[in-house]
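The sequence shown begins at 9 in our numbering and counts up one residue at a time.
Positions of the beta carbon are idealized from the N, C-alpha and C atoms, including for glycine.
Following: one structure in structure tokens, then a few remarks.
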Amino acid sequence: MEHSFNAADPVQSRYQIEDPLGSDRDDDQVVITTRRALCRVAFVAAETAYRFERGGIGYDAMAWIMVPRRLFDGMSALDACLDRTNFQRAIILHGLCLGLDASPDDIDGLTGDDDLDEDSVPPLDQLIPVCGMKAREGSASSNPSPSSPLKSSRGSRARRVRPSRANVSRLGRIKKRSGSFRRGLAS
């Protein structure tokens with residue numbers, strides 16, 4: 009990690025982190041936000057850690073979240089991902105394994121306009137069975153045991169969540185629009 013921080017870089021020269029184990033102080037920055045925005049930051053933190061673990065990336069996920077990034081116009085993911093646009097950028101960057109930082113324009117070029125109606129997207133608990141959330145009948149149990157979270161109420165393995173045809177089609181459009189994505193797959 010010592011090679012990942014460049015103090016001469018104007019974006020990274022503003023790098024600052026408060027000690028999370030320290031007591032709150034009167035001069036600490038106050039952040040007023042929504043629960044939805046906090047969920048975005050938590051989602052990015054989990055996705056970042058999962059990507060680094062899955063890909064065997066020797067970079068600390070917490071450092072990635074705390075260091076300013078060009079992707080977020082010089083802000084850290086901790087601050088930037090409270091915003092929906094920056095949240096989407098982070099998820100695309102990690103979901104498509106496009107490196108540790110990128111130009112916002114490069115990532116925004118992958119999102120494009122599509123015909124997705126937000127009201128037509130089913131609730132999360134209908135897409136992915138999650139511990140503590142009520143699951144659909146036939147999917148994972150709503151009360152899975154800690155030792156086997158993917159067991160259904162009938163004792164058989166839960167079905168894997170498969171991407172919908174619309175999502176597969178959308179990924180196909182992304183692949184066509186992004187020459188850099190195709191080059192990344194070839195390497």
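Three-state secondary structure (DSSP) of residue i
i	result
Phe89	The identity of residue 89 in the sequence shown is Cys, whereas the question assumes Phe. If DSSP states are grouped into helix, strand and coil, Cys89 belongs with coil.
Asp116	helix
Glu26	coil
Gln96	helix
Leu79	helix
Thr56	helix
Cys105	coil
Asn151	Its pLDDT being 43, under 50, Asn151 is placed unreliably in this model, and the value from its coordinates should be taken loosely. DSSP places Asn151 in coil when its eight states are reduced to three.
Ile40	coil
Gly64	coil
Ala110	coil
Arg48	helix
Cβ-Cβ distance between residue i and residue j below 8 Å
i	j	result
Lys104	Tyr67	According to the sequence as given, residue 104 is Leu; it is not Lys. For Leu104 and Tyr67, no; Cβs fall outside 8 Å.
Ile115	Met74	no
Arg48	Phe95	yes
Ala85	Ala98	yes
Residue closest to residue i, alpha-carbon to alpha-carbon, out of the options
i	options	result
Met70	Gly117, Pro28, Arg43, Asp91	Pro28
Ile40	Ser111, Gly30, Leu90	Leu90
Ala88	Leu46, Asp32, Asp36, Glu61	Leu46
Ala54	Thr119, Asp32, Gly117, His102	His102
Arg43	Phe51, Pro76, Gly82	Phe51
Gly202	Gly64, Pro112, Ile100	In this structure the chain extends from 9 to 195, so residue 202 is not present and cannot be described.
Thr56	Asp36, Arg78, Leu106	Leu106
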